[in-house]
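2 protein chains.
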Amino acid sequence: MLAAPAFDIRFGLDRRVTLPGRFPLASGQSLAALDIAYETYGTLAADGGNAILICHALTMDQYVAGRNPRTGKPGWWPRLVGAGQPIDPARHFIICANVLGGCSGSSGPGSIDPATGARYAMAFPVITIRDMVNAQARLLDHLGVGVLQAVVGGSMGGMQALDWAVAHPDRVRSVVAIATAARHSAQNIAFHEVGRQAIMADPAWAGGAYGDVPPAAGLAVARMAAHITYLSEAGLTEKFGRRLQDREALGFGFDAEFQVESYLRHQGLSFVERFDANSYLYITRAMDYFDLAAPHDGVLARAFAGTKTRFALVSFTSDWLYPTAESRRIVRALNAAGAAVSFVELESPFGHDAFLLEAPEMCRVVDGFLRAGA
Amino acid sequence: MLAAPAFDIRFGLDRRVTLPGRFPLASGQSLAALDIAYETYGTLAADGGNAILICHALTMDQYVAGRNPRTGKPGWWPRLVGAGQPIDPARHFIICANVLGGCSGSSGPGSIDPATGARYAMAFPVITIRDMVNAQARLLDHLGVGVLQAVVGGSMGGMQALDWAVAHPDRVRSVVAIATAARHSAQNIAFHEVGRQAIMADPAWAGGAYGDVPPAAGLAVARMAAHITYLSEAGLTEKFGRRLQDREALGFGFDAEFQVESYLRHQGLSFVERFDANSYLYITRAMDYFDLAAPHDGVLARAFAGTKTRFALVSFTSDWLYPTAESRRIVRALNAAGAAVSFVELESPFGHDAFLLEAPEMCRVVDGFLRAGA
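Keeping their order, the protein sequence lines are chains A and B.
Numbering of the first sequence is given in the working numbering, commencing with residue 1 and proceeding in unit increments.
Numbering of the second sequence is given in the working numbering, commencing with residue 1001 and proceeding in unit increments.
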């Protein structure tokens, strides 16, 4: 009779752990304890060498390859993670955790503050990408994972992947950073600030102290503004153009007459059902704070000095949120630091969202990179 | 003793006229009467041949070269219009009117509905760029101006200028259309829809029936989102980068810590003091409806068929709101229609706003074009 596996290989276990002991934050504050909600798929190899950490983007969650029990939706990265995909539970031990500050079970503004017995709301300390990474490192300790074969992420997930190589260089053999940047630009910050102001302008936000009635209108507007930045002008034109919604002629009113209006409103409304407004504030703030070069007088190469990690960077031609120029900047810095780095810019009309969509070239790049370093 | 001049040549006369008779609109509705607030500078020549109409952009007004009596600010296009400038009251008779739907004195949602004695608010009919142009034509009739030497405008002003040549081809000898487009793209519509939803999400909007307490928070968010589209990523980086506001280090809070946040918040707040939320809804809607090719099965050239008007188009390299590609599309259509057209794309880091800023090349282009056709 076989021994029970150390980790269940079924998808979607909806795991949750409270890691005791104070968790220090970049701000100087700390959390009394750390909740982490996560999923694992596959089995950790006897030598521990097949662990891959997936880092999720701003509005995603730990359900990278399993059904989200709350929304009922399938995993958010099926092209890259799953049976027969580049990251495969048959070969890899895959970990994906809800980020610190998130709203899918990890410690965040919606968590209960043990000091008061009430939700933290805006009393939750401001967090950084580094704090998210350190929380993931704590989870790996708990799971008995020492060195990661790879950290893989797109968008904010790519920021975490890059930061892993900086914060814990001895625990990361390779990094895959897709459609991302090593810092938030002024325009990135500006769009996030619009979203935050939209949330905070909603009286239902109530300084963050809302209960069962969230600031839905404000959060929907925030999502609408952000969603435009995830698409490309060409992609929007191709998908919607100036086509009208359920009508033959202009209605001379303020309904959603154009398809693109209807689509955006839907994006805003459906987001409210699955995301917490305060989490949105905290996570966007963490992204705005992200600047790997800042502790090194703006010289990004110094952040990676002495690194032995291999890097793969992928950007998309129509991504104007984290454009190719930002990936090239990282590549130059890694080259200057003497790191092993491969980079490819992929053609896509889908803007920033391309990394989540059908992207067979991206999958081939990631597959080849992971196999070469396995 | 000299006769009194037909029109006073002093700047900033803050004129206002109510033109009687129903004013028909593109929607099929009509207004019982038409109020137009306007400014004129210079003197109409005996042959009537020196009249230039300036059309203003979304949030501008009739005070193109004179002090705005409400804000105390100087005219908004001093580089192009004024003594010694390409459009000069010493040589030209200059007219600039607040657009229909505006909030600087022309008929709009803030006007009194004669049928009820109360403000129109959202009972004001939805208007189009064509309606704005036709209102200006009525004003020219009133002023005794037959044929315009030129219609000049940037952004939404450029849309009006182009539409003038389509709607009233015999009254326009030349058109100068700067940083503009012949249609609103899906992305343009999307950004406007975010702004409208931000306004409508503000409980103070009250279905448009607000009184002295406008939906300031919603309008400010709308302005913040729009303002990002007026600048360029490179311009924002150059102007603000990741520099902090009044502090040495990250504050780990939700204040405006980055200069770009502080700047954006200021843009939002100051806009509320000078612009009406309902006007913002109506004017953005008019822009979204704009598509000169729509009545011609999408063939823009047909809109200009047989035109004898001369055209000058100017775009700016970093303008991503109405990018050069849109100007080129217009140029191709004008070429196909056999029109006389000159086009130049100017280098600028200032994004869409470049047309309002120091742009000596733009002024030289306009000056040369106007003198050649005088």
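We put the CB at the ideal spot given by N, CA and C, even for glycine.
As the structure is a prediction and not an experimental result, all values here were calculated from the model.
- prompt: Just to confirm, are LEU1313(B) and PHE1343(B) a CB contact at a threshold of 7 angstroms?
  reply: Remark: C-beta atoms of LEU1313(B) and PHE1343(B) approach each other more closely than 7 angstroms.
message: Under 7 angstroms, Cβ to Cβ, is there at least one residue of chain B near ILE228(A)?
response: For ILE228(A), the answer is yes, since a Cβ of chain B falls inside 7 angstroms of its Cβ.
message: Using only CA atoms, which one of GLN1029(B), TYR1263(B) and PRO1215(B) lies nearest to THR1237(B)?
response: Out of GLN1029(B), TYR1263(B) and PRO1215(B), TYR1263(B) has the C-alpha closest to the C-alpha of THR1237(B).
task: Assign GLU1358(B) to one of two classes, buried (16 or more other C-beta atoms within 10 Å of its C-beta) or exposed (fewer than that).
output: With fewer than 16 other Cβ atoms within 10 Å, it is exposed.
task: Determine, using beta carbons only, whether LEU1357(B) comes closer than 7 angstroms to chain A.
output: With 7 angstroms as the cut-off, LEU1357(B) does not count as an interface residue toward chain A.
- request: Compare the C-beta of VAL260(A) against all C-beta atoms of chain B and say whether one is closer than 7 angstroms.
  value: VAL260(A) counts as touching chain B.
message: Against chain B, with Cβ distances strictly below 7 angstroms, would ILE189(A) count as a contact?
response: Interface with chain B (7 angstroms Cβ-Cβ cutoff): ILE189(A) is included.
- request: Could you name the residues of the same chain whose beta carbon sits closer than 6 angstroms to that of PRO996(B), not counting the 5 residues immediately before and after it, in chain order?
  value: In this structure chain B extends from 1001 to 1374, so residue 996(B) is not present and cannot be described.
field: Opening and closing residue of the beta strand (DSSP E) in which THR40(A) lies
entry: Looking at the DSSP string, the run of the beta strand (DSSP E) that includes THR40(A) is 34-41.
message: Contact criterion: CB-CB distance below 7 angstroms. Does ASP113(A) meet it with respect to chain B?
response: Interface residue (Cβ-Cβ distance to chain B less than 7 angstroms): ASP113(A) is not classified as such.
query: Can you check whether the CB of PHE311(A) is closer than 7 angstroms to the CB of LEU346(A)?
result: 7 angstroms or more divides the Cβ of LEU346(A) from the Cβ of PHE311(A).
C-beta neighbour in chain A for MET1132(B), strict 7 angstroms: Among the CB atoms of chain A, none fall inside 7 angstroms of the CB of MET1132(B).
query: For the candidate residues ALA294(A), GLY268(A) and PHE350(A), whose alpha-carbon lies nearest to that of GLU1248(B)?
result: The closest CA to that of GLU1248(B), considering only ALA294(A), GLY268(A) and PHE350(A), is found on ALA294(A).
- prompt: Just reading off the alpha helix (DSSP H) that THR18(A) is part of, what are its end residues?
  reply: Segment 15-19 is the beta strand (DSSP E) holding THR18(A); no alpha helix (DSSP H) there.
Presumed contact (8 angstroms Cβ cut-off) between TYR1120(B) and SER1111(B), rounded CB distance: With 8 angstroms as the limit, TYR1120(B) and SER1111(B) qualify as a contact, their Cβ atoms being about 6 angstroms apart.
query: Residues in the segment 265-294 of chain A with C-beta within 8 angstroms of chain B's C-beta atoms, listed in sequence order?
result: Correct list: ARG265, GLY268, LEU281, ARG285, ASP288, TYR289, ASP291 and ALA294.
query: How many Å lie between ALA367(A) and VAL1166(B) at the Cα?
result: This sequence places Asp at residue 367(A); Ala is not what is there. C-alpha of ASP367(A) to C-alpha of VAL1166(B): approximately 56 angstroms in a straight line.
task: Could you check what DSSP says for VAL147(A) in three-state terms: helix, strand or coil?
output: Of the three classes helix, strand and coil, the one that applies to VAL147(A) here is coil, per DSSP.
- prompt: Nearest chain A C-beta to ALA1204(B) closer than 7 angstroms, yes or no?
  reply: Answer no: the Cβ-Cβ gap between ALA1204(B) and chain A never drops below 7 angstroms.
Residues of the segment 15-26 of chain A with Cβ closer than 9 angstroms to any Cβ of chain B, in chain order: Listed by position, the residues of the segment 15-26 of chain A near chain B (Cβ gap below 9 angstroms) are LEU25 and ALA26.
field: 6 angstroms Cβ shell around TYR1322(B) - same chain, five flanking residues per side excluded
entry: Excluding five sequence positions before and after TYR1322(B), the CB atoms of its chain that fall closer than 6 angstroms to its own CB belong to ALA1179, THR1180 and ALA1181, given in chain order.
message: The alpha helix (DSSP H) that contains ARG1274(B), what's its start and end?
response: For ARG1274(B), the enclosing alpha helix (DSSP H) covers residues 1259-1274.
message: Excluding the 5 residues flanking SER1327(B) on each side, which residues of the same chain have their C-beta closer than 6 angstroms to its C-beta?
response: Excluding the 5 residues flanking it on each side, SER1327(B) has same chain C-beta neighbours closer than 6 angstroms at LEU1313 and SER1315, in chain order.
field: Residues of its chain near ARG1371(B), where Cβ-Cβ distance is below 8 angstroms and the 5 sequence neighbours each way are ignored
entry: Excluding positions up to five away in sequence, the list is empty.
- prompt: From PHE1304(B) to MET1362(B), what does the alpha carbon distance come to, in whole angstroms?
  reply: Distance from the CA of PHE1304(B) to the CA of MET1362(B), rounded to the nearest whole angstrom, comes to 24 angstroms.
query: Since THR237(A) meets chain B, which of its residues come closer than 9 angstroms, beta carbon to beta carbon?
result: Against THR237(A), the close residues of chain B are SER1185, ALA1186 and GLN1187, in the order they occur along the chain (beta-carbon pairs closer than 9 angstroms).
message: When you compare the segment 1184-1193 of chain B with the segment 258-275 of chain A, are there three or more beta-carbon pairs, one atom per stretch, that lie closer than 8 angstroms?
response: Three or more beta-carbon pairs separated by less than 8 angstroms link the segment 1184-1193 of chain B to the segment 258-275 of chain A, which places the two stretches in contact.
message: So, does the segment 129-136 of chain A touch the segment 219-234 of chain A, judging by three or more C-beta pairs under 8 angstroms?
response: Short answer: they don't touch.
For LEU1034(B) and LEU1019(B), the rounded distance between their alpha carbons: Roughly 5 angstroms separates the two Cα atoms.
field: Simplified DSSP state of ASP141(A), which is helix, strand or coil
entry: Three-state DSSP puts ASP141(A) in a helix.
- request: Compute the distance between the beta-carbons of VAL272(A) and ALA1225(B), then report whether it is under 7 angstroms.
  value: Taking 7 angstroms as the cut-off, the Cβ atoms of VAL272(A) and ALA1225(B) do not count as close.
field: ARG1281(B) (DSSP reduced to helix, strand or coil)
entry: The residue you asked about is not Arg; residue 1281(B) is Leu in the sequence shown. Of the three classes helix, strand and coil, the one that applies to LEU1281(B) here is helix, per DSSP.
Simplified DSSP assignment, three categories, for GLU1248(B): Three-state result, GLU1248(B): coil.
query: Hey, is VAL1147(B)'s beta-carbon within less than 7 angstroms of any beta-carbon in chain A?
result: Under the Cβ criterion of 7 angstroms, VAL1147(B) is not counted among the residues facing chain A.
- request: With ARG1364(B) as the anchor, note down where its alpha helix (DSSP H) starts and where it stops.
  value: 1360-1373 is the span of the alpha helix (DSSP H), which, as asked, contains ARG1364(B).
Host alpha helix (DSSP H) of ARG1328(B) (start-end): For ARG1328(B), the enclosing alpha helix (DSSP H) starts and ends at 1324-1336.
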